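Positions -27 to -1, 1 to 821 (mature numbering (1 follows the signal peptide of the UniProt record, and there is no 0)) are the ones given, in order, by the sequence shown. Glycine included, each C-beta is placed from N, C-alpha and C at the ideal position. Remember, predicted model here, so these are calculated numbers, not experimental data.
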Amino acid sequence: MTNLTAFFTSLSILVAVLFVQNTNVSAQNPFIRNQFTADPSARVFNDKIYVFPSHDILAPEGENLRKDWFCMEDYHVFSSENLTDWTDHGMIVSQYDAPWIDSTSYSMWAPDCVEHNGKYYFYFPANTNEVDENGRKGFGIGVAVADQPEGPYVTQQENIKGIKGIDPNVLIDKDGQAYIYWSHGHIFVAKLKENMLELDSEPMIIPNLPEKGLKEGPWVFERNGLYYLTFPHVENKTERLEYAIGDNPMGPFKMTGVIMDESPTGCWTNHHSIVEYNKQWYLFYHHNDYSPQFDKNRSVRVDSLFFNADGTIQKVIPSLRGVGLTKATNNIEIDRYSTISNSGATIGFKNSTNPFEGWKTIFDSRDAWIQYDAVDFGDQKLTSVQVRALSEEGGTLQIRLNHADGLVVGEVSIPQSAEWKIIDAPLSKFQSGVQNLVVVNKADNPVEVDWIRFENQTGAYYTGNYPNLLLEAGYSQQEIDAKLSKAYYDLFEGPNRVYFEVGDSMAYVSDLKNHDARSEGLSYGMMVAVQLDKKEVFDRIWRWTKKYTQHQGGPRDGYFAWSINPETMVKNSEGSASDGELFFVTTLLFASNRWGNDTGIDYYAEARRILDAMWAKDGTGGIHHVINLEHKQISFVPEGGGYEWTDPSYHVPAFLEVWADFANDGHEQFYRDCADTARMFLHRACHAETGLNFDYTNFDGIAHPTRWMPAGFRYDSWRVPMNIAMDYVWFGKDKAWQEDYAARIHGFLRKEGINDFVDQYNPDGTTPEFILQAGGFQKLRHSLGFISTAATVSLIDEVDPDYDFVHKLWNEKLEPYEDEYFDPYFDGLMYLFSLMHLSGNYQAIVPE
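Dropping the structure here:
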């Protein structure tokens, strides 16, 4: 019991964390992955499938509750359009919502929900405050009503009179009459009034059901004129799912058979629902997958259900694979297998103390295999496979299709490592459409596998082919080299430079109009230097940055003061701007890949110093990770309220992919997830017609006005088009949307006039009332910085077939405007970055 208590304590913390961090959950069994769920009632509303489960939790301390019993405080609702991707719509009803409920009982057991006349009626059981003749509180059935299946639900303040029991289930027959079923020693039925809140007949015990053993959880449905009364029944020691058939909703019913046998692992309960969706019938049920030691914490599952010609139900064999197609480009968790070899392959938790981290497949002998069915490879050729695996002695996995001796499409060599690694390997063959995936161990050494996924690696990161759009536009390589050299000279060496050397080993980049050196410009200078192979410049900037801006100790340890006066060395702010840390880490990883770590500076160690500092931040002193861990999105600043919103121009998915491959700090999958999240964020943040975005937004992409200016598309936002184009060229994982985005923003700018578009807008393309000043000038202008980033969008296929934006940029000069305003810092760096991108000289640098 001591070990079990310790398990509960650690698990309760984990459940709380995971519940906060996840709103979308994914396929396979169990299909809700971030909390315990049981007693699933599945319904089809508005062409979606909704699941209303009960919600197992661990008994709270100090509540005088049994630690070895069911504990349920509230209900959530989940929905899906494909039975694969599930959304948690949050809590809809709790035990604190009505005065008739005993709010100390934690007994919110199996619910149900139906639609009637445009309203959604959610039925649930709970302990009442009424005491029976034996001095015990019994169960009643309550109702909550909503206009949408997701809620919000309004809980009725009285329970349904005449019902004592649990596990309500409602059937609305074809003639419109509603019936309610429940259990209380027996299974009962009664008619409901039109208002769905009161009984319209006396409760009736349904006869002719098994007399021996517990019966509960009725679920009644109609098919082809037959009414199926299905229910869990303890025939021996644990529940199995049984059914009876009749020709009337109130019976009589004739016992017919078993739908699902008792749990092979001894889970005491099973509770279910049966529903037809898209012409296929499904059985929803539960099992204690995440809590094998304690069967009062359960998880919902789903498997297909089939009928015989005579209407009887074919027995359902519970599976881990579940239902639905899994896209080949998603993480395929092969531990949720369809079939497994007789020996040499087993399944275990990745972390036995944190089961919600999921499972792993363990191969411990040659030729052991595991099969995962129904993988959709689509019709676009995939070229590579990724495996997240671990093998202390190294190993080899073979990827086959459809059976253990089927077509070999790839082979993955697993390096020796005691830590999880993500390994890429090419596909030797490809077959489109839906296939069964088989993974075979082809070595004698043990190999553990977390997941597998397939990719179409057409990006330059994989091929090494970075486009030179300036050459394609008709300029000679000699002209291109001269143009790039002139831009570099202007910013780093010329009379209007922004780069200043200090002594014999340091230098900084200054935002001249604001009289400061900031993490933005310092990291930009380092990026230019590493891309153009200028090691001395890179090292000088890094030494100055580290010495004068990086915190050494304290809550901000490892982070950078975002702004400092380079003349007085007084910090304008101690806090960080998250894009600085993003660029510093990326440039240092690139430097490590390009120059190694034994030429004076250990670039990798410096990158890890920043990353490790990020992961050490736990909110102490109000300082957090640069990435908001709940939303997996980069924050505006990693402290205070700025941790709860973002700047769209900080979302650089390409950099996060680089971290995933080269940081090697054990957070590879997190960084990949963040890259994907950044892409999805940009979908939301960019206007559906113009492609423009707000400078600052919440994590949902909605504008976040600040005290210093109203929301709008301004200087920070210029960087978004460049970031999207870079991700398109480097990784190509979001091409369809990025091509649509490119057409939108170029279309808008063409409409404004390719020689006339201005540098500040509302995202809908209208002129903002507030104009942000720059360098003492408060006016709209046709800015070189925005011209530059708009030109990089031409890297996206077919968006600029005549190279209009490329030619526009080529003919621009870094010089003062007619009113003498001049910004060699931001305009200049955007201009240089754009020339680097368009000439193929801005790359994801990998080791030679």
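Problem set entry | Span separating the alpha-carbon of valine 239 from that of isoleucine 114 | Walking along the sequence shown from the start, residue 239 turns up at place 266. Walking along the sequence shown from the start, residue 114 turns up at place 141. The residue asked about is misnamed: residue 239 is glycine in this sequence, not valine. One C-alpha to the other measures close to 29 Å.
Problem set entry | Neighbour-count burial assignment, histidine 488, 16 or more Cβ in a 10 Å radius | Locating residue 488 in the sequence shown gives position 515, counting from the first residue. When all chains shown are included, histidine 488 counts as exposed.
For this session: Just tell me which of Glu788, Ser246 and Leu811 has its CA closest to the CA of serine 767.
Result: The count along the sequence shown starts at 1 and reaches residue 767 at position 794. Per the Cα distances, Leu811.
For this session: Hey, could you find the ends of the beta strand (DSSP E) tyrosine 48 is sitting in?
Result: Numbered from its first residue, the sequence shown carries residue 48 at position 75. DSSP places tyrosine 48 in the uninterrupted beta strand (DSSP E) bounded by 45 to 53.
Problem set entry | DSSP three-state assignment for glycine 801, whether helix, strand or coil | Counted from its first residue, the sequence shown places residue 801 at position 828. It is helical.
For this session: Closer than 8 Å by C-beta to asparagine -6: which residues in its own chain qualify, once you throw out the five before and the five after it? Chain order, please.
Result: As a position in the sequence shown, residue -6 is number 22, starting the count at 1. Unreliable placement is indicated for asparagine -6, whose pLDDT of 35 sits below 50; the coordinate value is still reported in the next sentence. Arg6, Asn7 and Asp61, listed in sequence order.
Problem set entry | Nearest residue (CA-CA) to leucine 787, options Glu46, Leu457, Gly569 and His719 | By 1-based counting over the sequence shown, the position of residue 787 is 814. Closest option to leucine 787, Cα to Cα, is Leu457.
Exercise. Can you check whether the CB of glycine 383 is closer than 8 Å to the CB of alanine 416?
Worked result: Taking the first residue of the sequence shown as position 1, residue 416 is located at position 443. Taking the first residue of the sequence shown as position 1, residue 383 is located at position 410. No. Outside cutoff.
Exercise. Does DSSP put lysine 110 in a helix, a strand or coil?
Worked result: Indexing the sequence shown from 1 puts residue 110 at position 137. Of the three classes helix, strand and coil, the one that applies to lysine 110 here is strand, per DSSP.
Problem set entry | Sub-8 Å separation of aspartate 530 and alanine 586 beta-carbons | Here residue 530 corresponds to residue number 557 of the sequence shown, with the count starting at 1. Here residue 586 corresponds to residue number 613 of the sequence shown, with the count starting at 1. Their beta carbons are under 8 Å apart, which means aspartate 530 touches alanine 586 by this criterion.
Exercise. Per the contact definition of three or more C-beta pairs closer than 8 Å, is the segment 622 to 629 in contact with the segment 545 to 556?
Worked result: Between the segment 545 to 556 and the segment 622 to 629, the count of Cβ pairs shorter than 8 Å is three or higher; the stretches touch.
For this session: From the DSSP output, in three-state form, read off glutamate 445 for me.
Result: The residue labelled residue 445 in the question sits at position 472 within the sequence shown. Under the three-state reduction of DSSP output, glutamate 445 falls in the helix class.
For this session: Go through its chain and collect everything with a Cβ distance to asparagine 545's Cβ below 7 Å, but skip five positions before and after it.
Result: As a working mapping, residue 545 is identified with position 572 in the sequence shown. Result list for asparagine 545: Asp489, Ser536, Ile537 and Asn538, in chain order.
For this session: Could you give the DSSP three-state label for threonine 765: helix, strand or coil?
Result: Counting from one through the sequence shown, the residue named residue 765 turns up at place 792. Reduced to three states, the DSSP call for threonine 765 is helix.
Problem set entry | Residue closest to methionine 500, alpha-carbon to alpha-carbon, out of Phe806, Ile307, Pro122 and Leu38 | In the sequence shown, the residue the question calls residue 500 occupies position 527. Nearest option by C-alpha distance: Phe806.
Problem set entry | Residue closest to phenylalanine 336, alpha-carbon to alpha-carbon, out of Val358, Asp308 and Glu641 | As a working mapping, residue 336 is identified with position 363 in the sequence shown. Looking at the Cα atoms, Asp308 is the closest of the given residues.
For this session: Could you spell out the range, first to last residue, of the beta strand (DSSP E) harbouring tryptophan 691?
Result: In the sequence shown, the residue the question calls residue 691 occupies position 718. Bounds of any beta strand (DSSP E) do not take in tryptophan 691, whose DSSP letter is neither H nor E.
Problem set entry | Inter-residue spacing [alpha-carbon to alpha-carbon] between glycine 813 and proline 440 | Translated into positions along the sequence shown, residue 813 becomes position 840. Translated into positions along the sequence shown, residue 440 becomes position 467. Taking the straight line from one Cα to the other gives about 5 Å.
For this session: For my contact list, glutamate 46 and methionine 81 are in at a C-beta cut-off of 8 Å; report their separation, rounded to the angstrom.
Result: Here residue 46 corresponds to residue number 73 of the sequence shown, with the count starting at 1. Here residue 81 corresponds to residue number 108 of the sequence shown, with the count starting at 1. About 6 Å separates the two Cβ atoms, so the contact holds.
For this session: In the DSSP assignment, find the beta strand (DSSP E) that holds histidine 28 and state where it starts and stops.
Result: Numbered from 1 along the sequence shown, position 55 holds the residue referred to as residue 28. 21 to 29 is the span of the beta strand (DSSP E), which, as asked, contains histidine 28.
Problem set entry | Contact set for aspartate 796: own chain, Cβ-Cβ below 7 Å, skip 5 residues either direction | To locate residue 796, count along the sequence shown from 1; it is residue 823. Excluding residues up to 5 positions away in sequence, Lys486, Ala747 and Gly748 lie with their Cβ nearer than 7 Å to the Cβ of aspartate 796 in the same chain.
Problem set entry | 6 Å Cβ shell around phenylalanine 533 - same chain, five flanking residues per side excluded | Counted from its first residue, the sequence shown places residue 533 at position 560. The answer, listed in chain order, is Ser492, Thr522, Gln523, Ser549 and Gly553.
For this session: Consult DSSP for aspartate 515 and reduce its assignment to one of helix, strand or coil.
Result: For the purposes of this step, residue 515 is taken as residue 542 along the sequence shown, with counting starting at 1. Aspartate is not the amino acid found at residue 515; the sequence shown has tryptophan there. In the three-state reduction of the DSSP assignment, tryptophan 515 falls in the helix class.
Exercise. In the DSSP assignment, what are the bridge partners of threonine 670?
Worked result: As a working mapping, residue 670 is identified with position 697 in the sequence shown. Residue pairing of threonine 670 in beta bridges, as defined by DSSP: Thr619 and Ala676.
Problem set entry | Span separating the alpha-carbon of glycine 331 from that of asparagine 324 | By 1-based counting over the sequence shown, the position of residue 331 is 358. By 1-based counting over the sequence shown, the position of residue 324 is 351. It is roughly 8 Å from the alpha-carbon of glycine 331 to the alpha-carbon of asparagine 324.
Exercise. If we ignore side chains and look at the alpha-carbon of each, how far apart do asparagine 197 and glutamate 88 end up?
Worked result: The residue given as residue 197 occupies position 224 in the sequence shown. The residue given as residue 88 occupies position 115 in the sequence shown. Going by the C-alpha atoms only, they are around 21 Å apart.
Problem set entry | Where alanine 661 falls, given that 16 or more other Cβ within 10 Å makes a residue buried | Taking the sequence shown and counting its residues from 1, the one referred to as residue 661 is at position 688. It is exposed - the Cβ of alanine 661 has fewer than 16 other Cβ atoms within 10 Å.
Exercise. Given threonine 436, which residues of its chain have a CB within under 8 Å of its CB, disregarding the five upstream and five downstream residues?
Worked result: Residue numbering aside, residue 436 sits at position 463 when the sequence shown is read from its first letter. Within the same chain, threonine 436 has close Cβ partners Gln430.
Problem set entry | asparagine 181 versus Ile247, Ala217, Val471 and Val475, residue with shortest Cα-Cα distance | One-based indexing of the sequence shown puts residue 181 at position 208. Answer by Cα proximity: Ala217.
Problem set entry | Cβ distance (whole Å) where asparagine 566 is taken to contact proline 388 below 8 Å | As a position in the sequence shown, residue 566 is number 593, starting the count at 1. As a position in the sequence shown, residue 388 is number 415, starting the count at 1. For asparagine 566 against proline 388, the beta-carbon gap comes to about 18 Å, at or over 8 Å, which does not count as contact.
Exercise. Are the CB atoms of threonine 670 and alanine 658 nearer to each other than 8 Å?
Worked result: For the purposes of this step, residue 670 is taken as residue 697 along the sequence shown, with counting starting at 1. For the purposes of this step, residue 658 is taken as residue 685 along the sequence shown, with counting starting at 1. Cβ atoms of threonine 670 and alanine 658: closer than 8 Å.
For this session: Whole angstroms is fine: what's the gap from glutamine 371's alpha carbon to aspartate 484's?
Result: Locating residue 371 in the sequence shown gives position 398, where the first residue counts as 1. Locating residue 484 in the sequence shown gives position 511, where the first residue counts as 1. Their backbone Cα atoms lie some 54 Å apart in a straight line.
Exercise. Candidates Ile133, Gly111, Val50 and Tyr798: which alpha carbon is nearest leucine 495's?
Worked result: Here the question's residue 495 lines up with position 522 in the sequence shown. In this structure, Tyr798 is the residue among Ile133, Gly111, Val50 and Tyr798 with its C-alpha nearest to the C-alpha of leucine 495.
Problem set entry | Opening and closing residue of the beta strand (DSSP E) in which glutamine 344 lies | By 1-based counting over the sequence shown, the position of residue 344 is 371. Under the DSSP assignment, glutamine 344 falls in the beta strand (DSSP E) whose first and last residues are 342 to 349.
Exercise. When DSSP labels each residue in this structure, what does arginine 645 get in the three-state scheme?
Worked result: Looking up residue 645 in the sequence shown gives position 672. Reduced to three states, the DSSP call for arginine 645 is helix.
Problem set entry | alanine -22 versus phenylalanine 322: straight-line alpha-carbon distance, rounded | Along the sequence shown, read from residue 1 onward, the residue named residue -22 stands at position 6. Along the sequence shown, read from residue 1 onward, the residue named residue 322 stands at position 349. In this prediction, alanine -22 has a pLDDT of 39, which is less than 50 and means its spatial position is unreliable; what the coordinates show is noted afterwards. Answer to the nearest angstrom: the Cα atoms are 17 Å apart.
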